[in-house]
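Going left to right, the sequence shown walks through residues 133 to 534 as the working numbering numbers them.
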Amino acid sequence: MKRNTGKNREITRNWRPATQAIRSGTQRTEFGETSEALFLTSGYTYDCAEDAAARFAGEQDGMTYSRLQNPTVQMLEERIAIMEGAEACRATASGMAAMTAALLCQLETGDHIVASRALFGSCRWLADSLLPKFGIETTVIDGRDLDAWEQAIRPNTKVFFFETPANPTMDVIDLGAVCGLAKSKGITTVVDNAFATNVLQRPMEFGADIVAYSATKMMDGQGRVLAGAVCGSEEFIEDTLLAFTRNTGPTISPFNAWVVHKGLETLSLRIHKQSGNAVEVGKFLEQRVEKILYPGLPSHPQHNLAMSQMDAAGPIFSLYVGGGRKEAHALLNALELIDISNNIGDSRSLMCHPASTTHYGLAEESRIEAGITEDMLRINIGLEDPIDLIEDLDQALSSVGL
Ligand SMILES: *Cc1c(COP(=O)(O)O)cnc(C)c1O
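See the structure below:
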């Protein structure tokens, strides 16, 4: 088996997205299997000692150890790179492994980063707590405000870090404007694209340098495995990221890589259908609760910006039920079909209370500043019939007097 390079890779890159999702990255063994093989092996053997030496010296193609390379993992990396339109990709054990590696591999003591304040809880912890421990300064700003990005820049600013749409308030960040500003100042942008995925939003087309994923979410799409990925230029991945990941070991299991690889084959179908279901459920909820924040509906203050950089708005939105934690928890407890769960990107509809779960670890002022109030709930809309979801929400709202 050989990595897809040269002519093969060029052909793959020219396919349309639906074909790439099914066909790119595939390598077959001599058995000609249709579904990609799962290589559960930690090591590799060599025909002779000289071959082993040549592989370690980088003079011979081939694998040496699964912390460094694995055929199943390579197939996943190739498929994500092709779908992203990126030169290269490396998969990791989780989304947080991807974010941590993407940042730490390129930063050092004395550097400064600017991050959007509306970030996934653990991403916010990286910015607020981990990086400062190593003497890397962080400025956290409202990522919707282009002037705030510009004003936060210092001579030692190395990275802009953000996600869009952002968890859980669904803030939308102007990809073209922020990436353009970064480029003009020689700053590297790292975009967490877990919510939209490359099917709905391709940040590199707007000038992003690095796109990182929790593949646990929409890419797996069925709530089975943890996985992550970092996409970037060949130079960044080979010269900067690889030294970090190979030696620190945030390696994905080949089994998990295989599951995500198969998940990508249905990603487009799922994410478009779930986005459509989210619009239907969102339109119902808008009539029944105080406020919902879904970039796919005109009521979202950044609806036009979202639709100018995304093909659809994805399966996730937040709602404000009014009152506080008591009302929000009561609504969750009254659900009969939708599960109480903090996962997202699943084919099942799931709902959670961010202030007491996903964002529990944040300082209260950071929570309030990010719009995560006690009456806020976040919902992931799945592949169920949206009428059943609406009926479940309707009975739950009625039973708690909303
Ligand atoms: C879930 C998530 C992460 C973390 O990913 P894991 O796979 O859980 O480690 C990072 N960013 C965003 C936006 C997420 O939704």
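Note that the Cβ used here is the ideal one computed from N, Cα and C, for glycine as well. No experiment lies behind these values; they were computed from the predicted model shown.
Short of 8 angstroms in beta carbon distance, which residues of its chain neighbour residue i, apart from the five on each side in sequence? Order them along the chain.
i	result
G339	L307, G308, C311, G312, A314, K315, T321
E418	I424, L429, S431
Can you determine whether any heavy atom of ligand 1 sits closer than 8 angstroms to the C-beta of residue i, and answer yes or no?
i	result
S385	no
M228	yes
I504	no
N299	yes
M508	no
E142	no
A389	no
M231	yes
A438	no
G360	yes
C255	yes
I513	no
D324	yes
E295	yes
I476	yes
T270	no
F163	no
F327	yes
F252	yes
T377	no
Quick one: what does DSSP say residue i is sitting in, helix, strand or coil?
i	result
D524	helix
C363	strand
V331	helix
S198	coil
I305	coil
C221	strand
T348	coil
C255	helix
F163	coil
C484	strand
K134	Here K134 scores only 49 on pLDDT, less than 50, and its place in the model should not be relied on; the value that follows carries that caveat. It is coil, neither helix nor strand.
I273	strand
V391	helix
R510	strand
V421	coil
V291	strand
A247	strand
S316	helix
I268	coil
L358	coil
G175	strand
When burial is assigned at 16 or more other CB atoms within 10 Å of the CB, is residue i buried or exposed?
i	result
P386	buried
E366	exposed
Y492	exposed
P203	buried
A241	Before going on, a small fix: residue 241 reads as Thr here, not Ala. By the neighbour-count rule (16 or more Cβ atoms within 10 Å), T241 is not buried but exposed.
G175	exposed
Q406	buried
E216	buried
S226	buried
P287	exposed
L172	exposed
E422	exposed
T232	buried
D524	buried
N409	buried
G456	exposed
T166	exposed
Output needed for residue i: all residues of its chain with C-beta closer than 7 angstroms, excluding positions within five of it in sequence on either side, in chain order.
i	result
Q333	N325, Q441, M442
E501	R249
D517	none
G267	T241, G242
Our contact map puts residue i next to residue j with C-beta atoms below 8 angstroms; I'd like the distance itself, whole angstroms only.
i	j	result
A359	I384	6 angstroms
A298	A250	4 angstroms
L509	L451	5 angstroms
L239	L263	7 angstroms
R187	Y178	7 angstroms
A460	V453	6 angstroms
G364	A220	6 angstroms
Here's a check: name, in chain order, each residue in its chain whose Cβ is nearer than 6 angstroms to the Cβ of residue i, leaving out the five neighbours to either side.
i	result
V331	L399, S400, I403
T144	S156, I214
R199	G381, T383
F292	V246, A314, I319, T321
I476	K349, I448, N512
G275	S248, F294, I305
M228	S254
M195	Y176, Q201
E412	P518
I470	S481, M483, D524
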